[in-house]
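>
Chains as they are written, first to last, in the numbering used here: chain A, 199 to 833; chain B, 230 to 338.
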């Protein structure tokens, strides 16, 4: 049975895992890394880079290097104006006012860019498994709304993956943690502070059942914000010292961003770090160097309010779960930002216990996704997952009020119906406006979609009975239906326009991704050919130097000429020339070795008397074979 | 239930088996029975010549990948043979066994 892989599509890094022999395994990418930077870059020559290679060139290509794309998934442009200011690439409004990224003269949708990362993760898994992968479980922050989930699902489709389940990140982490504790009754809290989002979930584990009791979070809070605080501080200090505003220099800002991220990480284990960026910028007086010390206490001061912002959602999640702090048995930390000592201290104070140290905060989500994948494929059977919807769902009713049909933290899948009526006399149609959020007024909540139910029998207001049904599947994706009980007329929508991509657009992106896949494959083949050619030239040259005596002197110039041809083709970076010169050298070398071998067999073994070496050298291997046999027969 | 390998798969298996046999005989790989590196150039030569015969007999009937595989394996084995033959004979190589081996194999052929 084909494997269903688990992918943690993170803001900063992504991880892929799979179940093998009943154990979850995190798969290393081609660079040997267990995490892959969620970075996509477009080079000037049209080449597209994903992962570490993209991250490495960010300093020299800041405007075309896209990171933290997860922050823009399923978002309207107006919702992300703050985030857009923090990134060096251009975020623009698309056709439906969705956030898009401009690269050159093209607008890319966030799902399209995320698909490039997913494709990389898919390829990593395929290389490891030695078979093609078609299905995946992809994780999202628990507090992602419907549009963001749908956008993530679309990204999977564009990457050629059927997303079998959209899984909440803290739930995935709990699955990974809980798999080692099956049989115990535990109440756990998962505190997940990732690169761009914060989530907290409270779960109950017992007899292999993982029941999410409540979830909460903030989709605008993560490690990136911590980096940003360090960047702002350094830029301010630098302006005070040197009178130069680094914010105006994209390249300098990219270097500073990397230095800030590094400093933040190092401050988890050190009390003070040096931020040193020579030649960061220049003015009329010459080059400027940046050199500053950042202490842990200063860093904690810079990010204190951000850490404090995680407390509210934790308290809300606890209240929604109906549990008290003292009833929580374990607190599991997820996400790289939970390595920050101050974060751990806040968690310790909040939950009154030491957080679990046994899980790897970078990998635990992907491991959970892989476990869920194995559950869906039937490989694992002792686990049952009951997740919840993070936000309340309802419709707009008279006076712009949001009327909830499904309360937040309701276990999914679920289906709820409620009967509504018309607001005015002789009304023959109603608009169903689906909403997501906790606010009382419709305009304050997230609009998921609208549709009209027409053909209602004319009657006095309040008489028609319109049954509205909300149906949420296990992915947390919603279908809304409305039915006039009198006429039986029915209308429904699957809330999917929210990702900002219509079907035709998704299909186009799927095709684009396939074309790019072909281009990527071609490029990889070219690199392989180049490496092969280089190694062949080296191997042949080495043999000529060490065992040149075995090679017929008249053939040596021919081999050397073929090596030179390979080298010059590599130098000119001409793929066709590299291939043909490699084949040429292979052919000549094969003939030369056949000849050398022939001579060796003729002089080394018991068949010494076999004809002249030169004659043998001119013949193919088959003749040599018969000669040996004949010789044996003679003797 | 087991699956019967296709001819394409069997071809690759054959080439790689021959390569392994030749490499063991060249003393480049540990002998699976003795756990020692034992050089037997005559056996190596026979394995290499068998592959050489295959190249000639299958000419025009192989896919590009198959052709590349067998040609590369053969070139590589010949190169190793030439290098090994230039070294002094090892303790395991006696004149008798060297002479006897090809005779037996020729008989089998």
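Backbone N, C-alpha and C define an ideal beta-carbon position, used for all residues, glycine too.
Kindly indicate the opening and closing residues of the beta strand (DSSP E) around residue 334 (chain A).
333-338
> Measure from the C-beta of residue 242 (chain B) to each C-beta in chain A and report whether the shortest distance is under 8 Å.
Contact of residue 242 (chain B) with chain A is not assigned, every C-beta pair being separated by 8 Å or more.
> Which of the three DSSP states is assigned to residue 287 (chain A) in this structure?
coil
> Can you pull the DSSP bridge partners for residue 404 (chain A)?
A:407
> Which whole-angstrom value is the C-beta distance of residue 398 (chain A) and residue 390 (chain A), which I expect to be below 8 Å?
7 Å
> Which chain A residues are close to residue 253 (chain B), counting only those with a beta carbon under 7 Å from its beta carbon?
Correct list: empty, because the minimum Cβ distance to chain A is about 18 Å.
> Between the C-alpha atoms of residue 720 (chain A) and residue 443 (chain A), what's the straight-line distance to the nearest angstrom?
44 Å
> Contact criterion: CB-CB distance below 8 Å. Does residue 259 (chain B) meet it with respect to chain A?
no
> Per DSSP, what kind of secondary structure is residue 804 (chain A) in: helix, strand or coil?
Residue placement at residue 804 (chain A) is poorly supported in this model, since its pLDDT is 40, which falls under 50; the coordinates are not used for a value here.
> Ordered along the chain, which non-local residues of its own chain (more than five positions away) have a Cβ less than 7 Å from that of residue 357 (chain A)?
313, 316, 317, 320, 711
> Could you tell me how far apart the beta carbons of residue 465 (chain A) and residue 432 (chain A) are, in whole angstroms, since I believe they sit closer than 8 Å?
About 13 Å; that fails the 8 Å criterion.
> Quick one: grab the DSSP three-state call for residue 379 (chain A).
coil
> What in chain B is Cβ-close to residue 745 (chain A), meaning under 8 Å?
311, 312, 315
> By how many angstroms is the C-alpha of residue 757 (chain A) removed from the C-alpha of residue 289 (chain A)?
55 Å
> With a threshold of 7 Å, establish whether the CB of residue 554 (chain A) neighbours any heavy atom of the ligand PLP.
Looking at this structure, you won't find the ligand PLP or any other ligand, since it has none at all.
> Going along chain B, which residues have a C-beta under 9 Å from residue 788 (chain A)?
300, 301, 303, 304, 307
> I'd like to know whether the C-beta atoms of residue 600 (chain A) and residue 643 (chain A) end up nearer to each other than 8 Å.
yes
> Buried or exposed: residue 283 (chain B), going by 16 or more other Cβ atoms within 10 Å of its Cβ?
buried
> Is the shortest distance between the beta-carbon of residue 794 (chain A) and the beta-carbons of chain B less than 8 Å?
yes
> Enumerate, from N- to C-terminal direction, the unbroken alpha helix (DSSP H) stretches of 4 or more residues contained entirely within the stretch 622-658 of chain A.
You should have found no qualifying run.
> So with Cβ pairs under 8 Å, would you call residue 748 (chain A) a contact of chain B?
yes
> Got a sec? Which residues, its chain only, sit under 6 Å from residue 229 (chain A) by beta carbon, not counting five neighbours each side?
250
> Whole-angstrom Cβ separation of residue 306 (chain B) and residue 248 (chain B), contact assumed at under 8 Å?
For residue 306 (chain B) against residue 248 (chain B), the beta-carbon gap comes to about 6 Å, under 8 Å, which counts as contact.
> Just the Cα atoms here: how many angstroms apart are residue 273 (chain B) and residue 266 (chain B)?
13 Å
> Given this structure, state the Cα-to-Cα distance separating residue 626 (chain A) from residue 410 (chain A), to the nearest angstrom.
42 Å
> Given a cut-off of 8 Å, decide if residue 586 (chain A) and residue 449 (chain A) are closer than it, judged by their beta-carbon atoms.
no
> Does DSSP put residue 389 (chain A) in a helix, in a strand, or in coil?
Strand, per DSSP.
> Are the C-beta of residue 798 (chain A) and some C-beta of chain B separated by less than 8 Å?
True, the Cβ-Cβ gap to chain B drops below 8 Å.
> Hey, does residue 741 (chain A) have any beta-carbon neighbour from chain B nearer than 8 Å?
It does: the Cβ of residue 741 (chain A) has a partner Cβ on chain B nearer than 8 Å.
> State the Cα-Cα distance for the pair residue 350 (chain A) and residue 702 (chain A), rounded to the nearest angstrom.
In this structure, the alpha-carbon of residue 350 (chain A) lies about 17 Å from that of residue 702 (chain A).
> Counting along the chain, where does the alpha helix (DSSP H) carrying residue 571 (chain A) start and finish?
562-575
> For residue 676 (chain A) and residue 603 (chain A), I'd like the C-alpha separation in whole angstroms.
12 Å
> Who are the near neighbours of residue 441 (chain A) in its chain, counting only those whose CB is closer than 7 Å to its CB and skipping five residues on each side?
none
> Rounded to whole angstroms, what is the Cα-Cα separation between residue 802 (chain A) and residue 314 (chain B)?
The pLDDT assigned to residue 802 (chain A) is 47, lower than 50, so where the model puts this residue is not dependable, and the model offers no usable value.
> Between which residues of its own chain and residue 737 (chain A) is the CB-CB distance below 8 Å, once the five residues before and five after are set aside?
Scanning its chain for C-beta atoms nearer than 8 Å, with the 5 sequence neighbours on each side dropped, one finds no residue around residue 737 (chain A).
> Indicate the three-state DSSP secondary structure (helix, strand or coil) for residue 767 (chain A) in the structure shown.
helix
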